[in-house]
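In what follows, a single structure is set out as structure tokens and then discussed.
Numbering (my numbering), first residue to last: 2 to 298.
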């Protein structure tokens with residue numbers, strides 16, 4: 002039973018374009034942006050079993066981490082409100098004079114925000130630091146940045162089973178944006194061959210992180226990590242990317258955002274144009290939602 006409604010399966014939409022015809026590939030979009038109005042896309046899937054564990058552990062408070070525009074903070078705040086859980090967000094950076102729309106939403110949903118220096122934020126995976134947070138906040142259930150834990154993998158893996166029922170043929174590649182790598186790891190754990198597009202500058206470290214998450218999975222798919230489509234780094238973008246996003250919406254009726262999905266689809270189209278995928282390939286691009294990222298003020 003899914004705690005957060007509505008629930009999957011989400012639509013699978015085929016895109017048609019001369020580019021795909023010329024490359025002799027088929028491209029489908031898994032519309033996880035439609036999974037829930039506030040707990041968006043991959044966050045719904047990554048939090049599914051985490052939130053079940055919170056209830057099993059009989060915790061009433063969840064603490065997590067993120068930046069001022071974090072999709073994860075946004076989603077967890079909404080989920081907490083829906084499930085009657087108290088939520089606490091440890092936010093990277095000093096408190097701004099005017100909070101982002103993301104953080105304002107989190108407060109509206111009842112999330113308690115605590116701003117920390119970037120130096121302190123880098124300790125978020127330290128056992129000593131986490132122990133101090135447990136003592137300070139009364140032993141909350143702690144979820145890592147981005148919701149990326151081994152509990153996130155089975156929720157994401159269910160996407161592959163959905164696609165297998167929806168597609169008339171076998172998907173050869175799954176394409177996804179990567180921030181912490183949890184979604185890519187979940188797809189790999191289901192045996193999918195994954196092309197992951199890093200939204201971070203210098204994102205080569207993600208390969209080790211993703212493979213580490215799947216180290217106890219007996220058989221996984223293959224990982225192709227693309228690190229050349231970050232447009233300058235996390236949450237950075239330029240006129241070319243914004244133009245691509247506008248054109249994509251005009252042609253296909255699908256809204257993207259500039260932090261994750263815009264970069265992923267830009268990179269995917271470029272790879273198709275360059276003949277990266279063999280003729281006859283079927284590609285499933287996962288729309289991981291996060292459209293609240295359009296609100297950058």
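Idealized CB from N, CA, C, for every residue including glycine. Fair warning: this is a prediction, and the values are worked out from it, not measured in the lab.
For the pair residue 267 and residue 295, the Cα-to-Cα distance works out to about 17 Å. Residue range 207 to 214 is occupied by the alpha helix (DSSP H) that includes residue 213. Counting along the chain, no alpha helix (DSSP H) covers residue 199; the unbroken beta strand (DSSP E) around it starts and ends at 195 to 199.
Between residue 240 and residue 222, the gap from beta carbon to beta carbon reaches 8 Å or more. DSSP places residue 275 outside both helix and strand once states are collapsed to three, so it counts as coil. Inclusion of residue 41 and residue 226 in the CB contact set at 8 Å is not warranted, their separation being larger than that value. Here the segment 180 to 190 lies against the segment 206 to 222, with 3 or more beta-carbon pairs under 8 Å apart. In this structure, DSSP gives residue 291 a state outside helix and strand, which the three-state scheme calls coil.
Contact between residue 44 and residue 76 holds: CB atoms are separated by about 4 Å, below the 8 Å threshold. Secondary structure of residue 123 (DSSP, three-state): coil. For residue 185, the enclosing alpha helix (DSSP H) stretches over residues 183 to 190. For residue 75, the enclosing alpha helix (DSSP H) begins and ends at 72 to 84.
DSSP lists 91 as the beta-bridge partner residues of residue 66. For residue 32, the three-state secondary structure derived from DSSP is coil. The alpha-carbon separation between residue 130 and residue 94 amounts to approximately 17 Å. At the C-beta level, residue 112 and residue 178 stay beyond 8 Å of one another. In the three-state reduction of the DSSP assignment, residue 238 falls in the coil class. For residue 58, same chain residues with a beta-carbon under 8 Å away, outside a window of 5 residues either side, are 142 in chain order. Residue 227 is bridged by DSSP to 198.
Within a 10 Å sphere around the beta-carbon of residue 103 sit 16 or more other beta-carbons, which makes this residue buried.
Going by beta carbons, residue 180 and residue 238 fall outside the 8 Å limit. For residue 78 against residue 110, the beta-carbon gap comes to about 4 Å, under 8 Å, which counts as contact.
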